[in-house]
């Protein structure tokens, strides 16, 4: 059958990093996307904005790692458009500033595909601003140039050295050459320079120096992704209400444009690694950020539709046969109700069926469909559901939409032992990502993580797998790994070394047991098995130890 639905490609600029700097139009398109094709430096929080059934394609170009050829990206966009899909092609910064958009647009035009380009804020403009450095000034800088130093040998350094201010992208690997070329063509060794790493993100860092000092100041430090600003305007930062301090003088100091006002939030200065799926970490991130934490996301779960809808579709067609519907996760809720609608039904199809859920978050997801659960166990774990079930389960027909693989079998076993006839159907799949992002490897290698959090046993299992995969590939052959910009670092250390002095925080007993089995210990366990409870436990732990590092 021919697909008459017209597809369209939206080439969207994601901005400099933080999700808050995405344009309103960009956010609108992400919430409607059927397919998302995204780059390496895109903030993972943006992936949370797409619908749960949106197809995701990671085509980021990462130094030192296999990357998707541009021709294949072009063909992917054309193929998805011809299938009638609404596709968002998400690019870091602005699509037309070193975004490689021309090749993709030419391919779309040749294939007669509709497209639209949505601008974004380039990191070349945003990072200096967020570091308190104006690119122009009526006295010090009447002009500026934005260049990429990905291939510095191709640049006209003689001409660039005459420009008041330079904003240089992709220059982390070539800092020494950049400095040498500018001085060779007449710039003073006393010319101010700023290096802004992770500009526009919570973990933004700034190094201040001169052309004569900056290379020595940053020896052995992975700078990528970095924006380099060269010019007298760097000195104006001191007049912008920001502390006259830089990373080379104060290891670990977090530079924020909000100014030098001190804060006493309990997690200020602490970097917390969140291992939930990218689509489900926003609430937890907000809870931790409210306590002052800096968040790094390392998604250990990728949530996708199941391999087949047959089981769930059959169950939906025969809902009248069931006494109870049991939902143990927000994923189960979201995928069940989306499939219900796809089958031409709505919540009225559940008349006469009682609903049991595990956890406040699952209950909240259910309420989004204008339904209240008939039963929530007092403890937010599946075991408690059977123990406190409100009526006899003998001969009760129970529908249990669940994760396709890797879920715990204890709930079905205990329900069956109580006399229930349980129909398990795959509502979604939860798998491990293929690899750990290079930026996360950098964070581990630089010992930049203070606390790692786990909200399920599966996140522990996948975290362990990804970490072992990352350092085994280097330590077993004693080979260095390449970071996000292709710079080589020393081989990763042992797992014990990586987790030394890192707080391991768990949401509950089952997750804690997985931590002990795979990671050797657990330092914090939530009293209430919720994200709020886990946040409270982390704060209590940090407060109790007096903020020691």
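Numbering (our numbering), first residue to last: 3 to 551. Positions of the beta carbon are idealized from the N, C-alpha and C atoms, including for glycine. Just so we're clear, the structure is a prediction, and the values are computed from it rather than from any experiment.
Beta-carbon proximity of residue i to residue j, cut-off 8 Å
i: residue 356; j: residue 325; result: yes
i: residue 298; j: residue 275; result: yes
i: residue 13; j: residue 106; result: yes
i: residue 89; j: residue 82; result: yes
i: residue 21; j: residue 48; result: yes
i: residue 163; j: residue 188; result: yes
i: residue 505; j: residue 462; result: no
i: residue 384; j: residue 330; result: yes
i: residue 364; j: residue 405; result: no
i: residue 466; j: residue 536; result: no
i: residue 277; j: residue 302; result: yes
i: residue 120; j: residue 222; result: no
i: residue 435; j: residue 395; result: no
i: residue 78; j: residue 98; result: no
i: residue 460; j: residue 408; result: yes
i: residue 513; j: residue 362; result: no
i: residue 242; j: residue 438; result: no
Straight-line gap, residue i to residue j (C-alpha atoms, nearest Å)
i: residue 53; j: residue 92; result: 15 Å
i: residue 381; j: residue 195; result: 55 Å
i: residue 55; j: residue 86; result: 16 Å
i: residue 192; j: residue 534; result: 50 Å
i: residue 544; j: residue 136; result: 38 Å
i: residue 151; j: residue 174; result: 9 Å
i: residue 500; j: residue 526; result: 18 Å
i: residue 256; j: residue 317; result: Note on residue 256: pLDDT 38, under 50, position unreliable in the model; the coordinate value appears next. Each residue's alpha carbon lies about 52 Å from the other.
i: residue 411; j: residue 502; result: 33 Å
i: residue 36; j: residue 9; result: 10 Å
i: residue 117; j: residue 388; result: 53 Å
i: residue 227; j: residue 207; result: 11 Å
i: residue 386; j: residue 70; result: 46 Å
i: residue 80; j: residue 109; result: 7 Å
i: residue 392; j: residue 33; result: 39 Å
i: residue 283; j: residue 455; result: 11 Å
i: residue 342; j: residue 400; result: 17 Å
i: residue 168; j: residue 184; result: 11 Å
i: residue 427; j: residue 239; result: 59 Å
i: residue 397; j: residue 313; result: 21 Å
i: residue 11; j: residue 115; result: 8 Å
i: residue 510; j: residue 72; result: 45 Å
i: residue 94; j: residue 39; result: 12 Å
i: residue 203; j: residue 390; result: 45 Å
i: residue 542; j: residue 496; result: 29 Å
i: residue 418; j: residue 403; result: 16 Å
i: residue 416; j: residue 458; result: 20 Å
i: residue 340; j: residue 25; result: 28 Å
i: residue 539; j: residue 295; result: 14 Å
i: residue 51; j: residue 215; result: 43 Å
i: residue 464; j: residue 414; result: 23 Å
i: residue 279; j: residue 190; result: 49 Å
i: residue 100; j: residue 289; result: 35 Å
i: residue 287; j: residue 267; result: 15 Å
i: residue 76; j: residue 285; result: 35 Å
i: residue 113; j: residue 74; result: 14 Å
i: residue 2; j: residue 338; result: Nothing in the structure corresponds to residue 2, since the chain is present only between 3 and 551.
i: residue 205; j: residue 323; result: 53 Å
i: residue 310; j: residue 319; result: 15 Å
Beta-bridge pairing of residue i - partner residues as DSSP gives them
i: residue 399; result: 423
i: residue 273; result: 296
i: residue 40; result: 60, 92
i: residue 404; result: 428
i: residue 194; result: 212
i: residue 173; result: In the DSSP output, where bridge partners are listed per residue, residue 173 has none listed.
i: residue 150; result: 171
i: residue 207; result: 199
i: residue 433; result: 304
Presumed contact (8 Å Cβ cut-off) between residue i and residue j, rounded CB distance
i: residue 201; j: residue 229; result: 5 Å
i: residue 508; j: residue 524; result: 5 Å
i: residue 349; j: residue 333; result: That pair is no contact at about 18 Å.
i: residue 224; j: residue 444; result: 5 Å
i: residue 351; j: residue 321; result: 5 Å
i: residue 181; j: residue 213; result: 5 Å
i: residue 62; j: residue 96; result: Contact doesn't hold; Cβ gap of about 17 Å is too wide.
Are the region 222-238 and the region 134-147 in contact at 8 Å, needing three or more beta carbon pairs?
yes
The region 431-440 contacting the region 286-306, beta-carbon criterion three pairs below 8 Å:
yes
Any 3 or more C-beta pairs closer than 8 Å across the region 171-186 and the region 410-430
No, the region 171-186 does not touch the region 410-430.
Could you check whether the region 18-33 touches the region 114-132, counting it as contact only if at least three pairs of C-beta atoms, one from each stretch, sit closer than 8 Å?
yes
Contact the region 366-377 vs the region 338-357: 3+ CB pairs below 8 Å:
yes
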